[in-house]
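Peer 1: Starting off with a structure, shown below.
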Amino acid sequence: MTLEAATRERQMTADIIDGKGYAAGLGDRITQQVSVFAGHTGRAPGLAVVLVGSDPASEVYVRSKGRTARQLGMESFEHVLPEDTTQEDLLALVDRLNTDETVDGILVQLPLPRHLDSLAVIKAIDPAKDVDGLHPVNAGYLASGLPGLVSCTPLGCLMLLKSSLGSLAGLDAIVVGRSILVGKPMAQLLLAENCTVTMAHSRTRDLAGKIGQADIVVAAVGSAEMIKGDWIKPGATVIDVGTSRVIRDGAKRLVGDVDFASAATRARAITPVPGGVGPMTIMSLMHNTLLAAFRRADLAAPELW
Ligand code: NAP
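Sequential numbering of the sequence shown, starting at 231, is according to this note's numbering.
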């Protein structure tokens, strides 16, 4: 590399992909469509959130989902059940919500207490109301290229990628992490956008080399700053899903899977942590609730992104 090229590379600073700003704009479009829905049906879309137990982080998530739904003009139904709720009682509640016509979306906050079977609960949700997109029927629709409800975090990542890049067709993408919640649906979404997709995980060999080939990197591991800037292909677009709490200079900080400072000197665009993917996850949940409401009412679903 010439001195001039090396200097240029060192100075390159990525655009910041503003998830918070994008989510706010999406929220405005959802609010408009909530009014359209209410005009047709005489009611607002309804989101039911179920929390079992009193895990402080889950309580914060549930409160924030309810608050956001109400801010957008939706109906929010919050069901807080005691820690010792039985599987039978939880399934009975899901059953009631499935048949409640005012409920368009059902979200059971995970993780559930250890004595409860999460998969059985997810499978009990009506797939048409599964706004978390975790039901195997919705995962199957996604893999088959059929319309369904898509897991919120990867859906939000795709919105950000398209807002930053436009068409993704033909690009080489790597998804690091293969969870049902993030990695697997993310890879399916990218494939549907005609990317050539590599899925990496804890057994992947030469992760740095594979990341170095990718035009798009989506990191969903949960390991603080494990992806170094010099692994990133110059000009790549980086979406950092990971969130880890670390102590830096004596202060608590939230960081992603990507070493932001060094990656920003190589990437063309990158999401920050916080303020990138996080705000998109909750707004994608609102998007899915609106979509579910329109579909259940046999109305043409609006294009929101
Ligand atoms: P997860 O279920 O724990 O999955 C982590 C994945 O990372 C697994 O597939 C694992 O591989 C892979 N992995 C672990 N170590 C690795 C390594 N050294 N190299 C490559 N891959 C490795 O986590 P998740 O639910 O997908 O979440 C991932 C991260 O995203 C977490 O930090 C979570 O907090 C965050 N998250 C953020 C949001 C948001 O809204 N901001 C939403 C969801 C998740 P194996 O399958 O081989 O074990």
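Ideal Cβ positions, reconstructed from N, Cα and C, are used throughout, including at glycine.
1) Determine the closest residue to A274 out of A530, A523, P532, with distance taken between C-alpha atoms.
2) I'd like the list of long-range same chain contacts for G296, defined as Cβ closer than 7 Å, with 5 residues on each side in sequence excluded.
3) With three or more C-beta pairs closer than 8 Å as the rule, is the region 493-506 touching the region 246-254?
4) Nearest to V406 by CA position, among D436, L346, G255, is which residue?
5) Using a Cβ-based criterion (distance less than 7 Å to any ligand heavy atom), does L411 qualify as near ligand 1?
6) Please find out if some non-hydrogen atom of ligand 1 comes closer than 7 Å to the beta-carbon of T177.
7) Would you mind stating whether A450 and A466 have Cβ atoms separated by less than 8 Å?
8) Report yes if the CB atom of L419 is closer than 8 Å to the CB atom of V380, and no otherwise.
9) For A494, collect the residues of the same chain with a Cβ closer than 7 Å to its Cβ; drop the 5 residues on either side in sequence, then sort them by chain order.
10) At the level of alpha carbons, what is the spacing between A438 and A399?
11) Let's test the definition: count the other Cβ atoms within 10 Å of the Cβ of P366 and tell me whether it reaches 16, buried, or not, exposed.
12) How close, in whole Å, do the beta carbons of V485 and A531 come, if the pair is a contact with beta carbons under 8 Å?
13) Quick one: is the Cβ of V451 within less than 7 Å of any heavy atom of ligand 3?
Peer 2: Put simply:
1) Position 44 of the sequence shown, counted from the start, is the residue given in the question as residue 274. A274 has its Cα closest to that of A523, out of A530, A523, P532.
2) As a first step, residue 296 is located in the sequence shown; it is residue number 66 there, counting from the start. These residues qualify, in order along the chain: V279, S306, E308.
3) yes
4) For the purposes of this step, residue 406 is taken as residue 176 along the sequence shown, with counting starting at 1. The candidate whose alpha carbon is nearest that of V406 is D436.
5) Indexing the sequence shown from 1 puts residue 411 at position 181. Result yes, Cβ under 7 Å from ligand 1.
6) Outside the shown range of the chain, which is 231 to 535, sits residue 177, and nothing can be said about it.
7) Along the sequence shown, read from residue 1 onward, the residue named residue 450 stands at position 220. Along the sequence shown, read from residue 1 onward, the residue named residue 466 stands at position 236. Contact: no.
8) Position 189 of the sequence shown, counting from 1, holds the residue named residue 419. Position 150 of the sequence shown, counting from 1, holds the residue named residue 380. A contact, by the Cβ cut-off of 8 Å.
9) Looking up residue 494 in the sequence shown gives position 264. Excluding residues within five positions, the ones whose Cβ falls inside 7 Å are T243, A244, I500.
10) As a working note, residue 438 is residue 208 in the sequence shown. As a working note, residue 399 is residue 169 in the sequence shown. C-alpha separation (whole angstroms): 23 Å.
11) In the sequence shown, counting from the first residue as 1, residue 366 sits at position 136. The residue in question, P366, is exposed, as its Cβ has fewer than 16 Cβ neighbours within 10 Å.
12) Residue 485 sits at position 255 when you count from the first residue of the sequence shown. Residue 531 sits at position 301 when you count from the first residue of the sequence shown. At roughly 36 Å, the Cβ-Cβ gap does not stay under 8 Å, so V485 and A531 are not in contact.
13) Absent from the structure shown: ligand 3. Ligands present: ligand 1.
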